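Chains as they are written, first to last, in the working numbering: chain A, 1 to 419; chain B, 420 to 838. All C-beta atoms in this analysis are idealised placements derived from N, C-alpha and C, irrespective of residue type, glycine included. As the structure is a prediction and not an experimental result, all values here were calculated from the model. Down below is the structure, laid out as structure tokens.
Have a look at this one:
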């Protein structure tokens, strides 16, 4: 079984939004062992959508559409498919009631164009939309499966999880299972990593493939077998071999992120953390708080975006800043110590630097100093980054998370899981 | 002239990363007046890549590839194109020197597999990679233009801006110009907005199309004419008509974001801002700091992630929290006032609530209270959100930014530009 994802929407082709739906659906299909060989994006144009459908039918078993189910005149995905398959559109009473309910609970009057959303392909399985109005559809012919999903990710994602995924799982349950395991590394480049594992990249089952994004590198191990258990048995020895070679840079698997790993280690060891942030302006703390349950570990901290605030809020001496500047090891150390003390935490973090585009206090754009106060020591680290402003800020946050994970590991706090 | 973007990489099809390159390139091509009718994603598979190239050649003039130029065995974009076009790959000395330099400045030893990156299509214009190793290429045949760009966005984006875009601009300068103007709205739903402007959606030149993302709605006005000036003249009266109908919810155009608009208003009016954040944990401040120059306006603030820290850092009374809980108008107000005072700012912001997935202090997930202290008043606002944890946090930040923009406008601070 293989699938193609067709996203419909001129806003994608004009570069106004990312096609995050294709990513989400792909990761879900991969879990089900369904191969995806193509993503296609077409605009709100029935002729080109029809052509895309015909190409997809020539190379995929399952065709999944996102977008074009809404109330506006541009929305014509189901109309085009209905015409192509010669199927009528009929009103679905449950969807109509749900649309009415959507307006009722919000005390808003339903405009007429919303009624079009209750039309579905005659004979389709209707998928409930719990976070919006347009229902999804699943339609089967002799040759293909068609899945129609709404465009907004907040509607598509839960609909996929609760309605579409079980339907697809029931289709593919006879076939072979594909299992992928992703190993995450930090602090090693993509080509250096590849050299270490180059012989493994020639394997055929499981396969091993490197990938890189946002300053991180990953290795994906993918096995295909008659069962998930058997596929995992194929993956296991290869994973062990990789970790033996480059385990020093390994920090997590699959959905792990530096944030989730750090929060997990803090909670497991009953450690609390506080931060003083300058160039990152709260992003370090906000990123930790992406992880549910972080309240057990994150005390809080301060954002001190100028020199006066560093002096006033953190009691850093004016003399220190005059002698060493705010972009210095000394300032990062003082920020870390002050954050730890003022917020009653076990670990204090200081982040200061020149995010760019301009130099700051005599340091070129991309210079970052990180201080980490833990037990009796303050560790400081210098980064010299060369990306643009907000990428530099993101990389500073990631590097800082990685330094803390490494320090905790070195100091004997809980070993990383799966390593 | 029309273009198709082909992204190459199995990591895209496995749902491990978003195809942000397609979005970036599309927005850049749109500025040049180049139509994009398709995005395609294929894996690291030469047969399917070849098929994708043939389909693209049948419907596009310019084919832009991203990814598959790196050092690893999976990287085979240029090899596949070379074979398809019957062109040799030859070593480019400047690229080779640049790759060597990349390792030298990092004090790392170059591994042999990196040399493959210096191979280019014979006869291609070579595009310098200032942030990585693999050079880009621009190759022209009788029928098509081929642009090959590296996959990592930090390499692709500057290469496109400085090298690829000028080349493409020189190709299309004879043709008609397409100009798009995007109007951003906040606080109105997509279908409510569409009802207000429904007659305008039938126009053909300019066209008007609604789009929605991350809780915001936009209208895109697109005109085509023999010159950019003439296209803008077509857009102008339609924009005025739209603003007359729904200007109340309008906040900016094109690349404006709530953050950039708010920072611009603060700087223009010489106002400073500070925040006390609970559920958003620094994201409000970090989002403002995405905007270069924010240092003139952002003093800083605190993240107080638990009740004790709200008491200790912000001097909020325990009695207040016991009587009203931390998820309350009273707490948001106290946070806003305390942030303003402690950080010597003109405007103080307080953000508190239950991000989810669980209820917090008696309030259901999605309950958010925002306090904004400005001049002699503290304004408080309640949101009841229904998305997932981190979307709720993002929406809280956006709503807060919008409330401040509205308050500043109402109080006679600089009128929004273009309205």
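Continuous beta strand (DSSP E) stretch holding residue i: start and end
| i | result |
| --- | --- |
| residue 791 of chain B | 786-793 |
| residue 566 of chain B | 564-568 |
| residue 115 of chain A | Looking at the DSSP string, residue 115 of chain A is not in any beta strand (DSSP E), and its letter there is neither H nor E. |
| residue 378 of chain A | 377-384 |
| residue 38 of chain A | 35-42 |
| residue 557 of chain B | 555-559 |
| residue 490 of chain A | What is shown of chain A runs 1 to 419, which leaves residue 490 of chain A out entirely. |
| residue 218 of chain A | 216-225 |
C-beta neighbour in chain A for residue i, strict 9 Å
| i | result |
| --- | --- |
| residue 455 of chain B | yes |
| residue 704 of chain B | yes |
| residue 669 of chain B | no |
| residue 637 of chain B | yes |
| residue 562 of chain B | no |
| residue 725 of chain B | yes |
| residue 430 of chain B | yes |
| residue 446 of chain B | yes |
| residue 707 of chain B | yes |
| residue 700 of chain B | yes |
| residue 826 of chain B | no |
| residue 463 of chain B | yes |
| residue 452 of chain B | no |
| residue 576 of chain B | yes |
Host alpha helix (DSSP H) of residue i (start-end)
| i | result |
| --- | --- |
| residue 180 of chain A | Per DSSP, residue 180 of chain A belongs to no alpha helix (DSSP H); it is in the beta strand (DSSP E), 177-185. |
| residue 688 of chain B | Looking at the DSSP string, residue 688 of chain B is not in any alpha helix (DSSP H), and its letter there is neither H nor E. |
| residue 708 of chain B | Element bounds for residue 708 of chain B: n/a, residue is neither H nor E. |
| residue 77 of chain A | 77-85 |
| residue 809 of chain B | 808-829 |
| residue 171 of chain A | 165-172 |
Under 7 Å from the C-beta of residue i: neighbouring residues of chain A
| i | result |
| --- | --- |
| residue 728 of chain B | 299, 300, 343 |
| residue 776 of chain B | 292 |
Assigned exposure category for residue i - 16 Cβ within 10 Å defines buried
| i | result |
| --- | --- |
| residue 583 of chain B | buried |
| residue 776 of chain B | exposed |
| residue 412 of chain A | exposed |
| residue 170 of chain A | exposed |
| residue 458 of chain B | buried |
| residue 647 of chain B | exposed |
| residue 47 of chain A | exposed |
| residue 293 of chain A | exposed |
| residue 516 of chain B | exposed |
| residue 268 of chain A | exposed |
| residue 162 of chain A | exposed |
| residue 208 of chain A | buried |
is_contact[residue i, chain B] using C-beta, thresh 9 Å
| i | result |
| --- | --- |
| residue 318 of chain A | no |
| residue 256 of chain A | no |
| residue 245 of chain A | no |
| residue 312 of chain A | yes |
| residue 340 of chain A | no |
| residue 241 of chain A | no |
| residue 435 of chain A | Nothing can be reported for residue 435 of chain A, as the shown portion of chain A is limited to 1 through 419. |
| residue 396 of chain A | no |
Contact list for residue i against chain B, beta-carbon separation under 8 Å
| i | result |
| --- | --- |
| residue 135 of chain A | The premise fails here: residue 135 of chain A is roughly 15 Å from chain B at the closest Cβ pair, so nothing lies under 8 Å. |
| residue 154 of chain A | 806, 807, 810 |
| residue 401 of chain A | By Cβ distance, chain B contributes nothing, its closest Cβ being about 14 Å from residue 401 of chain A, past 8 Å. |
Partners in chain A for residue i, counting only beta-carbon separations shorter than 9 Å
| i | result |
| --- | --- |
| residue 647 of chain B | Residues of chain A passing the Cβ test: none, with the nearest at roughly 17 Å. |
9 Å Cβ cutoff, residue i in contact with chain C
| i | result |
| --- | --- |
| residue 101 of chain A | Judged by its chain identifiers, the structure shown contains no chain C, and its protein chains are A and B. |
Amino acids of chain B, ordered along the chain, whose beta-carbon sits closer than 9 Å to that of residue i
| i | result |
| --- | --- |
| residue 48 of chain A | 456, 457, 478 |
Cross-chain neighbours of residue i in chain B, by beta carbon under 7 Å
| i | result |
| --- | --- |
| residue 348 of chain A | Simply none; closest approach about 13 Å. |
| residue 30 of chain A | 433, 434 |
| residue 303 of chain A | 701, 704, 719, 720 |
Neighbour list for residue i in chain A, Cβ cutoff strictly below 8 Å
| i | result |
| --- | --- |
| residue 487 of chain B | Ordered by position in chain A, no residue passes the 8 Å Cβ test against residue 487 of chain B, which lies about 12 Å from the chain. |
Just by C-beta distance, which residues in the stretch 166-193 of chain A are closer than 8 Å to chain B?
-> 180, 182, 189, 190, 191, 192
Using a Cβ cut-off of 7 Å, which residues of the stretch 360-371 of chain A contact any Cβ in chain B, in chain order?
-> none
In the stretch 55-66 of chain A, which residues sit with their C-beta less than 7 Å from some C-beta in chain B, listed in chain order?
-> 55
Using a beta-carbon distance cut-off of less than 9 Å, what residues from the stretch 13-25 of chain A approach chain B?
-> 13, 14, 15, 16, 17, 18, 19, 20, 22, 23, 24, 25
Can you list, in chain order, the residues of the stretch 71-98 of chain A whose Cβ is nearer than 8 Å to any Cβ on chain B?
-> 71, 72, 73, 74
For the stretch 612-635 of chain B, which residues have a beta carbon sitting closer than 8 Å to at least one beta carbon of chain A?
-> 613, 614, 617, 620, 621, 628, 629, 630, 631, 632
In the stretch 525-541 of chain B, which residues sit with their C-beta less than 8 Å from some C-beta in chain A, listed in chain order?
-> 527, 530, 532, 533
If contact means a Cβ-Cβ distance below 7 Å, which residues of the stretch 319-334 of chain A contact chain B?
-> none
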